[in-house]
Structure formats: C-alpha cells, structure tokens
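In terms of the numbering used here, the sequence shown opens at residue 1296 and continues consecutively.
For reference, the structure is listed below as structure tokens.
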Amino acid sequence: MRDRTARLPRSLLGGVVLFLALLAIVLLATPRVARIVPEDGSIDISSKRPLQLVFTHEMDPDTVESRISISPDVDGSFTWENRTLTIQPDENWPKGETITLRLESGASAKIFLPMLRSYTWSFQIAERRVIYLWPESGPADLYIRHLEDEEAERLTQTESGILDYSLSPDGDSVVYAAALADGSTELRQITFSTVQDRQLYPCPQNDCCQAIVHAPGGDRIAFQRFGFFAGQGGQPFPGPSSVWILDLGSEDEAFPISNMDHVTSSPNWSAAGRLAYYDDTLKAIALVDFENGLDAQPFNFIPNDLGMSGSWSPDGKHLIYASIVIQEDNAADDSKVGFYSHIYRMDVESGNVTDLTGEKVGLVEDAAPRYSPDGEWIAFTRKYLEADRWTLGRQLWIMRSDGSDPRQLTAEPNLHVSSMVWSPDAQMLVFVRKDQGDITQPIELWVTAVDGEGLQLLVARGYAPQWVP
1296 MRDRTARLPR
1306 SLLGGVVLFL
1316 ALLAIVLLAT
1326 PRVARIVPED
1336 GSIDISSKRP
1346 LQLVFTHEMD
1356 PDTVESRISI
1366 SPDVDGSFTW
1376 ENRTLTIQPD
1386 ENWPKGETIT
1396 LRLESGASAK
1406 IFLPMLRSYT
1416 WSFQIAERRV
1426 IYLWPESGPA
1436 DLYIRHLEDE
1446 EAERLTQTES
1456 GILDYSLSPD
1466 GDSVVYAAAL
1476 ADGSTELRQI
1486 TFSTVQDRQL
1496 YPCPQNDCCQ
1506 AIVHAPGGDR
1516 IAFQRFGFFA
1526 GQGGQPFPGP
1536 SSVWILDLGS
1546 EDEAFPISNM
1556 DHVTSSPNWS
1566 AAGRLAYYDD
1576 TLKAIALVDF
1586 ENGLDAQPFN
1596 FIPNDLGMSG
1606 SWSPDGKHLI
1616 YASIVIQEDN
1626 AADDSKVGFY
1636 SHIYRMDVES
1646 GNVTDLTGEK
1656 VGLVEDAAPR
1666 YSPDGEWIAF
1676 TRKYLEADRW
1686 TLGRQLWIMR
1696 SDGSDPRQLT
1706 AEPNLHVSSM
1716 VWSPDAQMLV
1726 FVRKDQGDIT
1736 QPIELWVTAV
1746 DGEGLQLLVA
1756 RGYAPQWVP
C-alpha cells in the first residue's frame, strides 16, 4: 500500500510535466509578430514609408488584415511575401502626425493556430525636410534639415566628399557617389532605418560615376559614367559619358543601356518605369521602355540641342523639355536676338508635341521645367531676352500643366535660380539661388510656397536639394 501511494505523486508529477511540455510546445508554435518596421516609438519617419510586419509563421491573410486598425484612418494596400506583410499607404502619411497601428489577437497561421495576444505600436511622421550637399567650395557631405529647425543633421562623413546622390522613392535610403583619395569614385547606399552604409558599385579606376536616379520601385538605379584623360599640361579632363543601370537587389554587374559608340548622359526615370536620357551623338532625348527586359532599345528620339533629358509627368504619359528655337529672319539684322528657348510637352504614345511657352510672351529663355507631384503645375525658369526686360539671371516661374496661368515667384534681376524641386505635397519649392552680379557671393538654398509667399533662406553654400518624402 505504501508503495502504491508513493508512486502516485510521481505519476501525477510526470503528467504535470508532460502537460507543461505540451503547453510550451503549443505556445511556441502559436504565431507571433517577430519584427515591426518602423519600430515602436520611431520618429522622423518618411511620409511614404511602407510598414512591415514579419510573423513567425506564414499567416492566413484575411484573418490578419481584418484585425488591423490604423489611426488616424489611412487607406492602404496589403502585400504578402511569405511571412512578411507590407502595408503601403494610398496617400502619404500626414506630416508631423503620430501613426498608431493595432493588430487584434485571433489572427490565424496557415497551420490553424491563432495569435494569442494583440500588438499596438506607434511612430511619428517627420515634418517637411530637405536633404542637400554642403559646402559648395570643398568636399561636400549630405545634410538633412527640418524647415522649422535652425540646425542641420550631418548624414555622411566622407574623406574626399560626395559628387552626387539620389534619394530612394520611399525616403529610407540614399545612393551616393563618394569621391576617393585616388581620384576614382564608388557608389554607396546608406539606409536610415538600419543605419547601414554599404558599397554598391566601385566605379573603375580613373572613371567617375554620378547623375544617379532611382527607378520608381527603388529596386534599381541609372547613373552616368565617364573616364578622364590627360590634357595639356597633364591636366585631366572628362571623356565621353555613358548611361548605366545597376540592380540594387541582386549581385549582377552594372551594364550600359545604349550603344557604347554613343555619348549619353542625364538619365531620368518615369513613374511607369520608362527611362529618358540624352544622346549627345544624335543630339536627341532617347526614350526606353524596359517592360520587355532591361536590354530594350529606345522606342523614340526627341531632337534637342540643350543636352538635358526633360521631366516626366507623374503618370508617365508626357515628357516636358526645353528646346532652342532659331530665328530664321535674324540674318538681316544683327541687333536682334538670334535664338530663344521654349518649353515643350510631348505625348509619349502619340508623339504629339505642344509648345507650352506659347508665342505671345515675346523673346524668352525658358528652361529646366519640372512637373509638380500631382501633375497640376510645372515649375521652370525664365529670362527675358528683349532689351527692356532683360535680366542677368533666370527667375522662378510656375504654370499650369497645359501652359496656362503663368506666375512669376521671384523677381531679383541679378539672381539666377536653378535646381528647383517640388515638395511631395506640391505646396512648396526648394531651389538654388546664385548672385550673378557678384560671383564672390556663395550659392544659397531657398524655399518658397507656390503662391510666392514665405520665401525663406534655408542654408548658404548648400546645393543639390531634394525633399525627403
């Protein structure tokens, strides 16, 4: 009898241990959220930044999506890849707002086990920010600044400076061309969310890589590459350039996209994935559609003598560009201006071209057109060539996308405006300003609202601005 009672507690103990072991196995097998991006409590998040939830198991999508709530209410699309859910907002997250997401318990894995807990996390969207290179007169690095702050944050610390850069469409990374001590360059990528800085592409010795632009999906870049040659007195001078493509998500080598016998430059992607670049050999803007593969050849050429590839409309249906017009009746009167430039819009599918400047404005030098993100407006620079209205520098203008309602935003005759970039909400412009009357003065970065109000000096000696989305 004593033996039987002595064995009973051991049996019960063994059963308890077995039960706890089985319970632990079940608990470990139940799905959980392993990682959330951005992390809870993150600040200064891009307004275009997609959200990612990484689960420990592959999930039943419907049971997850039906249990997600976002505050403030923002519509978005859900995309699954194995255990990762990506939420892309249909419109930008509201600037300066705190976004809170909640995933209720009960979502099921494909193995039918449910999530036993809920998750809640928050992050803050950044206010308007501008990224730029500084200073103009020495080795430059990348800086970022909120419009409301007086101090800028330094993003890179290179030894020999940065030649050029491109911000990814989601605002989470930058690809930049870093100058090296031996005179060559390398393309590097810095990712803000992971604080990672890595080499993407070592430009060959004695070559320079710059004019970087991201494809709309952010998965590849196009850039311009050229070599240097020894000129008179041994001074190096740049040789012919070519446009190359690099896939950021693979280990494939970069490759040129055009005939290497042609001099090409100034790549520019459309939202539809088409690429425009300038073919100096043909004196034309070349248009390439990569829908049928990255070895596609240009499907159209637009004659142009200015050496720039223009600006795509947000929907990718139109390309706007400046082009020189020669006055045919100028030979009899040398006092007249021999040429001027207008802004033209081309329908990519039909090839139809419209003069957006129009013939009623007189002799002008219109240049550097840029579509607003909503496609409603075009920013450009204008300089009158007639003697009574002539100015030393080009002024900042905007007009409707059909060329109507032109408006002048700056009126400083000696100051020259360039490098205009629209804010993601199409409410502001950042631009470079240079005093042409006193070239000893440094260039400056300025911002203005589209109504011309709120003109603000951002930083002296800064250049190559981009808005962080």
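Quick reminder that beta carbons are idealized off the backbone N, C-alpha and C, glycines included.
Span separating the alpha-carbon of residue i from that of residue j
i	j	result
Trp1607	Gln1419	31 Å
Val1643	Val1328	46 Å
Asn1501	Ile1552	21 Å
Gly1757	Gly1522	27 Å
Val1425	Ala1571	25 Å
Val1558	Tyr1460	22 Å
Ser1630	Thr1705	Unreliable placement is indicated for Ser1630, whose pLDDT of 49 sits below 50; no coordinate value is reported for it.
Asp1733	Gly1605	30 Å
Ala1626	Phe1634	Low confidence applies to Ala1626: its pLDDT is 46, below 50, so where it sits in the model is not reliable, and the reading given next is rough at best. Looking at the two C-alpha atoms, the distance is approximately 12 Å.
Phe1350	Gly1401	14 Å
Leu1495	Phe1550	14 Å
Gln1751	Thr1743	6 Å
Pro1598	Gly1336	52 Å
Phe1675	Leu1458	24 Å
Leu1428	Pro1760	7 Å
Ile1738	Asn1647	38 Å
Ser1479	Trp1685	42 Å
Ser1561	Ala1721	24 Å
Arg1372	Ile1621	Per the sequence presented here, residue 1372 reads as Ser, with Arg not at that position. Distance between the alpha carbons of Ser1372 and Ile1621: 50 Å.
Asp1542	Ala1581	21 Å
Glu1443	Gly1749	12 Å
Asn1587	Val1538	19 Å
Ile1619	Ser1488	44 Å
Classification of residue i by the beta-carbon crowding that lies within 10 angstroms, buried from 16 upward
i	result
Asp1650	exposed
Ser1364	exposed
Phe1726	buried
Ser1645	exposed
Val1656	exposed
Glu1654	exposed
Glu1660	buried
Pro1764	buried
Gly1466	buried
Ser1413	exposed
Asp1547	exposed
Cross-strand partners of residue i (DSSP beta bridge)
i	result
Ala1674	Arg1665, Ile1693
Pro1551	Trp1539
Ser1699	Answer is none; Ser1699 lacks a bridge partner.
Val1328	Phe1350
Thr1480	Ala1474
Met1410	Answer is none; Met1410 lacks a bridge partner.
Ala1744	Met1723
Trp1607	Leu1614
Gly1602	DSSP output for Gly1602 lists no bridge partner at all.
Gln1383	Ser1372
Reduced DSSP secondary structure (H/G/I, E/B, other) of residue i
i	result
Ala1759	strand
Phe1585	helix
Asp1357	helix
Gln1722	coil
Gln1491	strand
Gln1527	helix
Gln1751	strand
Val1727	strand
Arg1423	coil
Pro1533	strand
Leu1437	strand
Ser1630	In this predicted model, Ser1630 has a pLDDT of only 49, less than 50, meaning its place in the structure is not dependable; the value taken from the coordinates is given anyway. Of the three classes helix, strand and coil, the one that applies to Ser1630 here is coil, per DSSP.
Ser1595	Going by the sequence as given, residue 1595 is Asn instead of Ser. It is a strand residue.
Gly1646	coil
Leu1658	coil
Cys1504	strand
Asn1563	strand
Arg1640	strand
Asn1625	Unreliable positioning characterises Asn1625 in this predicted model, as indicated by a pLDDT of 49, which lies under 50. The coordinate reading is nonetheless provided below. Helix at Asn1625.
Within 9 Å, strictly: CB atoms of residue i and residue j
i	j	result
Asn1563	Val1508	yes
Leu1680	Gln1731	no
Ala1404	Thr1325	yes
Thr1453	Ser1468	no
Leu1396	His1352	no
Leu1482	Ile1516	yes
Tyr1438	Glu1422	no
Thr1393	Gln1347	no
Trp1717	Trp1762	yes
Ala1579	Phe1594	no
Pro1668	Ile1615	no
Gln1484	Asp1477	no
Phe1518	Ala1510	no
Phe1754	Met1723	Checking the displayed sequence, the identity of residue 1754 turns out to be Val instead of Phe. No, the pair does not count as a contact, with Cβ atoms beyond the cut-off.
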